[in-house]
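K.L.:
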Amino acid sequence: MRVLMISDVYFPRVNGVSTSIQTFAREFTANGHDVTLLAPDYSQQVPEPFEIIRIPSRYLPFDPEDRILRWRHIRTHRDRLRAAGFDLVHIHTPFIAHYAGLALARQLSLPVVESYHTFFEQYLDKYVPLVPSSWLRLVARHFSAAQCNDVDALAVPSQAMLEVLQQYGIATPAEVVPTGIDLGQFSGGDGARFRRAWGIAADRPLLVHAGRLAFEKNCDFLLRMLVWVKAEVPNVLLLIAGEGPARKQLEGLTRRLGLAEQVRFIGYLNRDGSLEDFYAAGDAFVFASRTETQGLVLLESKAMGTPVISTAVMGTREVLSDGEGCLIATDEEQEFAAHCIRLLTDRALRDLLSAKAVRYAEQWSAPMMARRMLNLYQQVIESRKPSPVPTVRLNAVPSVRSTESQCQSEPQSEPISEATEIASTRNARRRAMP
């Protein structure tokens with residue numbers, strides 16, 4: 000099978016979407032399938048066993064770490080992509096990649112699958128603070144439902160996220176297909192080496208957290224919770240790996256809470272052994288995000304044998320089973336801290352949960368999840384029937400062109416036919432839906 004993926008984000012930009020794309024694409028390639036990924040250009044490049052076409056991109060004004068593709072540069076690859084003989088288009092982000100992916104699919108007469116990676120309803124108010132959150136959530140729901148109904152099928156990383164989309168009123172067929180983990184990668188790790196490298200005593204109680212430092216990730220809760228842990232375990236240390244727009248605020252909160260000796264922010268860690276050593280060094284991995292569609296870092300930590308202490312909200316509910324390598328806590332600071340204190344002071348419990356964590360993670364292997372995604376691809380390819388493309392009015396697509404205009408901040412130079420193609424694709428797919 001030949002798969003064309005398109006995304007507004009990929010490595011070296013570190014986040015869950017990049018990890019998901021990489022995991023699936025590597026598994027597909029290892030099993031004889033061909034993958035081409037259209038992704039933003041960066042100053043650094045990441046070698047992969049599959050083809051990556053880097054597209055010139057723009058920074059997002061509210062988050063300089065992220066980018067969006069430049070539409071006109073995608074179109075320059077149209078003939079090359081047509082000649083490649085793809086079987087399917089897989090869209091991974093809801094920005095320019097979504098609309099460009101739809102247009103390419105129509106031009107190449109291909110079915111479209113889209114992964115719904117991000118719970119936007121819970122994100123927008125963190126980045127648009129001057130607009131009422133109730134209004135932003137309503138916009139996010141309608142935006143997500145419209146995009147979901149543009150495509151032939153959805154891949155959703157958790158049942159909880161699927162249920163939310165169904166409440167939005169989506170009509171597109173959807174399957175739960177989580178991102179798997181590379182058990183070969185997350186099976187070693189040298190925690191002692193990591194502690195030596197970072198000057199951490201071998202016997203110092205160590206909590207670890209990895210993830211994007213964004214406002215919606217609830218990292219401030221972990222800091223406030225740590226005050227209670229410190230009262231019982233004074234030499235506790237919390238290591239926070241990752242970067243993001245909330246880092247400065249979190250560092251300021253750390254100082255105000257008097258935790259300068261108990262917290263270190265260590266930035267991104269590469270998946271070349273550093274991240275694995277980080278997991279292995281911890282006595283427990285702590286997590287409290289309320290917006291995860293899956294919570295991949297929880298599975299990575301478990302695969303490394305590091306017990307997890309986490310709230311169970313949205314997608315994380317499905318990768319956590321209390322006692323199976325983890326302790327499930329509420330979002331009440333003292334109660335969460337009590338779990339941390341218990342685990343840090345009970346070596347036998349840590350060892351028991353560590354062994355259970357490894358066994359639990361084996362159920363989430365990357366090959367297993369890749370097979371599920373390939374099955375979804377095959378179903379979409381076999382069930383798709385050609386349908387006539389209706390004629391649509393140009394005023395039916397203001398959202399598409401306005402989105403492109405706002406994201407690119409360029410004078411409109413797109414031919415009218417491009418907007419018409421996207422709207423026609425959307426309406427044709429809606430007519431074909433069961």
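Per numbering that gives the first Met the number 0, numbering of the sequence shown is gapless, rising by one per residue and ending at 433.
Glycine is no exception: its CB is placed at the ideal position from the N, C-alpha and C atoms.
All values reported here derive from a predicted model rather than from experimental measurement.
#1: Which of the three DSSP states is assigned to Phe284 in this structure?
#2: Under three-state DSSP, which class holds Met4?
#3: Could you tell me the alpha carbon to alpha carbon distance between Phe214 and Lys125, rounded to whole angstroms?
#4: Taking the C-alpha atoms as reference points, what is the distance between Val45 and Gln333?
#5: Sort Glu47, Ala104, Leu59 and Leu87 by Cα distance to Ile73 and report the nearest one.
#6: Between Gly281 and Thr305, which are expected to be in contact by the criterion C-beta below 8 Å, what is the C-beta distance as a whole number of angstroms?
#7: So the alpha helix (DSSP H) Leu212 belongs to, where does it begin and stop?
#8: Can you grab the Cα-Cα spacing for the pair Leu221 / Arg349, in whole Å?
#9: Return the chain-ordered list of same chain residues with a C-beta closer than 7 Å to the C-beta of Ala365, the five sequence neighbours on each side being excluded.
#10: Starting from Ile20 and walking both ways along the alpha helix (DSSP H), at which residues does that stretch end?
#11: Quick one: Cα of Val357 to Cα of Leu351, how far?
#12: Per DSSP, what kind of secondary structure is Val155 in: helix, strand or coil?
#13: I need the DSSP call for Phe10, collapsed to helix, strand or coil.
#14: Just tell me which of Asp86, Lys247, Leu164 and Asn217 has its CA closest to the CA of Gln378.
#15: Do His91 and Ser143 count as a contact pair if the criterion is CB distance below 7 Å?
#16: Among the residues of its own chain, which have a CB less than 7 Å from the CB of Met368, if the five just before and after it don't count?
#17: Give a yes or no on contact between the stretch 122 to 139 and the stretch 182 to 194, applying the rule of three or more CB pairs nearer than 8 Å.
#18: By how many angstroms is the C-alpha of Ser19 removed from the C-alpha of Met160?
#19: Would Leu237 pass as a contact of Leu225 if the rule is Cβ separation under 7 Å?
#20: Looking only at its own chain, which residues have a Cβ that is under 6 Å from the Cβ of Tyr359, when we skip the five neighbours before and after it?
#21: Buried or exposed: Pro522, going by 16 or more other Cβ atoms within 10 Å of its Cβ?
#22: Using 8 Å for Cβ pairs, my map puts Phe118 next to Thr292. What's the rounded Cβ distance?
#23: If we count the other Cβ atoms within 10 Å of its Cβ and call it buried at 16 or more, is Ser412 buried or exposed?
#24: Start and end of the alpha helix (DSSP H) containing Leu373?
#25: Can you check whether the CB of Thr35 is closer than 7 Å to the CB of Glu50?
#26: DSSP three-state label for Phe85, please.
#27: Run through DSSP, which three-state label would Ser186 get?
#28: For Ser42, does the three-state DSSP call read helix, strand or coil?
#29: Name, in chain order, the residues that DSSP records as bridge partners for Ala240.
#30: Would you identify the three-state DSSP class for Asp33, choosing helix, strand or coil?
#31: Per the DSSP calculation, Cys325 is bridged to which residue(s)?
#32: When the Cα atoms are used, what is the spatial distance from Leu37 to Val2?
#33: Taking C-beta to C-beta, are Ile308 and Val285 nearer than 7 Å?
#34: In angstroms with no decimal places, state the Cα-to-Cα distance between His32 and Arg53.
P.N.:
According to the data block:
#1: Within the sequence shown, numbered from 1, the residue matching residue 284 stands at position 285. Three-state DSSP puts Phe284 in a strand.
#2: One-based indexing of the sequence shown puts residue 4 at position 5. Correct three-state label for Met4: strand.
#3: Residue mapping note: residue 214 aligns to position 215 of the sequence shown, counting from 1. Residue mapping note: residue 125 aligns to position 126 of the sequence shown, counting from 1. Distance between the alpha carbons of Phe214 and Lys125 is about 6 Å.
#4: Translated into positions along the sequence shown, residue 45 becomes position 46. Translated into positions along the sequence shown, residue 333 becomes position 334. Their backbone Cα atoms lie some 42 Å apart in a straight line.
#5: Sequence index remark: in the sequence shown, residue 73 carries index 74 (1-based). Cα-wise, what sits closest to Ile73 is Ala104.
#6: By one-based count along the sequence shown, residue 281 stands at place 282. By one-based count along the sequence shown, residue 305 stands at place 306. Yes, Gly281 and Thr305 are in contact; Cβ-Cβ is about 5 Å, under 8 Å.
#7: Working through the sequence shown from its first residue, we reach residue 212 at position 213. Careful: Leu212 lies outside any alpha helix (DSSP H) and carries neither H nor E.
#8: Against the sequence shown, residue 221 aligns to sequence position 222. Against the sequence shown, residue 349 aligns to sequence position 350. Their Cα atoms are separated by approximately 20 Å.
#9: As a working note, residue 365 is residue 366 in the sequence shown. Taken in chain order, the residues that qualify are Thr22, Glu26, Gly179, Ile180 and Asp181.
#10: Along the sequence shown, one-based indexing puts residue 20 at 21. Gly15 to Ala29 is the span of the alpha helix (DSSP H), which, as asked, contains Ile20.
#11: The sequence position of residue 357 within the sequence shown is 358, counting from 1. The sequence position of residue 351 within the sequence shown is 352, counting from 1. Cα to Cα, the separation comes out at about 10 Å.
#12: By one-based count along the sequence shown, residue 155 stands at place 156. Looking at Val155 - three-state DSSP - the assignment turns out to be strand.
#13: Counted from its first residue, the sequence shown places residue 10 at position 11. DSSP places Phe10 in coil when its eight states are reduced to three.
#14: On the sequence shown, position 379 is the one that residue 378 refers to. Comparing Cα positions, the closest option is Asp86.
#15: Within the sequence shown, residue 143 is the residue found at index 144, counting from 1. Within the sequence shown, residue 91 is the residue found at index 92, counting from 1. Contact: no.
#16: Residue 368 sits at position 369 when you count from the first residue of the sequence shown. Correct list, in chain order: Val176, Pro177, Thr178 and Gly179.
#17: no
#18: Start at 1 with the first residue of the sequence shown, and residue 160 comes out as number 161. Start at 1 with the first residue of the sequence shown, and residue 19 comes out as number 20. Rounded to whole angstroms, Met160 to Ser19 spans 16 Å at the Cα level.
#19: In the sequence shown, counting from the first residue as 1, residue 237 sits at position 238. In the sequence shown, counting from the first residue as 1, residue 225 sits at position 226. Yes; because the gap between Cβ atoms is below 7 Å, this pair is in contact.
#20: Translated into the one-based positions of the sequence shown, residue 359 becomes position 360. Within the same chain, Tyr359 has close Cβ partners Lys301, Glu323 and Gly324.
#21: The question about residue 522 has no answer here: the residues shown for the chain are numbered 0 through 433.
#22: Taking the sequence shown and counting its residues from 1, one reaches residue 118 at position 119. Taking the sequence shown and counting its residues from 1, one reaches residue 292 at position 293. The pair is a contact, with the Cβ atoms about 6 Å apart (cut-off 8 Å).
#23: Here residue 412 is taken as the residue at index 413 of the sequence shown, counted from 1. Because Ser412 sits at a pLDDT of 39, beneath the cut-off of 50, its placement in the model cannot be relied upon, and the point is left open.
#24: Taking the first residue of the sequence shown as position 1, residue 373 is located at position 374. Where Leu373 is concerned, the enclosing alpha helix (DSSP H) stretches over Ala365 to Ser382.
#25: Residue mapping note: residue 50 aligns to position 51 of the sequence shown, counting from 1. Residue mapping note: residue 35 aligns to position 36 of the sequence shown, counting from 1. Yes.
#26: Reading the sequence shown from its first residue, position 86 is the one you call residue 85. If DSSP states are grouped into helix, strand and coil, Phe85 belongs with coil.
#27: Counted from its first residue, the sequence shown places residue 186 at position 187. Ser186 falls in the helix class under three-state DSSP.
#28: In the sequence shown, counting from the first residue as 1, residue 42 sits at position 43. Correct three-state label for Ser42: coil.
#29: As a working note, residue 240 is residue 241 in the sequence shown. Looking at the DSSP assignment, Ala240 forms a beta bridge with Ala209 and Gly266.
#30: What you label residue 33 is simply residue 34 of the sequence shown in a count that begins at 1. It is a strand residue.
#31: For the purposes of this step, residue 325 is taken as residue 326 along the sequence shown, with counting starting at 1. Per DSSP, Val307.
#32: The sequence position of residue 37 within the sequence shown is 38, counting from 1. The sequence position of residue 2 within the sequence shown is 3, counting from 1. Rounded to the nearest angstrom, the two C-alpha atoms are 11 Å apart.
#33: As a position in the sequence shown, residue 308 is number 309, starting the count at 1. As a position in the sequence shown, residue 285 is number 286, starting the count at 1. Against a cut-off of 7 Å, the Cβ pair of Val285 and Ile308 comes out as a contact.
#34: Here residue 32 refers to the residue found at position 33 of the sequence shown. Here residue 53 refers to the residue found at position 54 of the sequence shown. Answer to the nearest angstrom: the Cα atoms are 20 Å apart.
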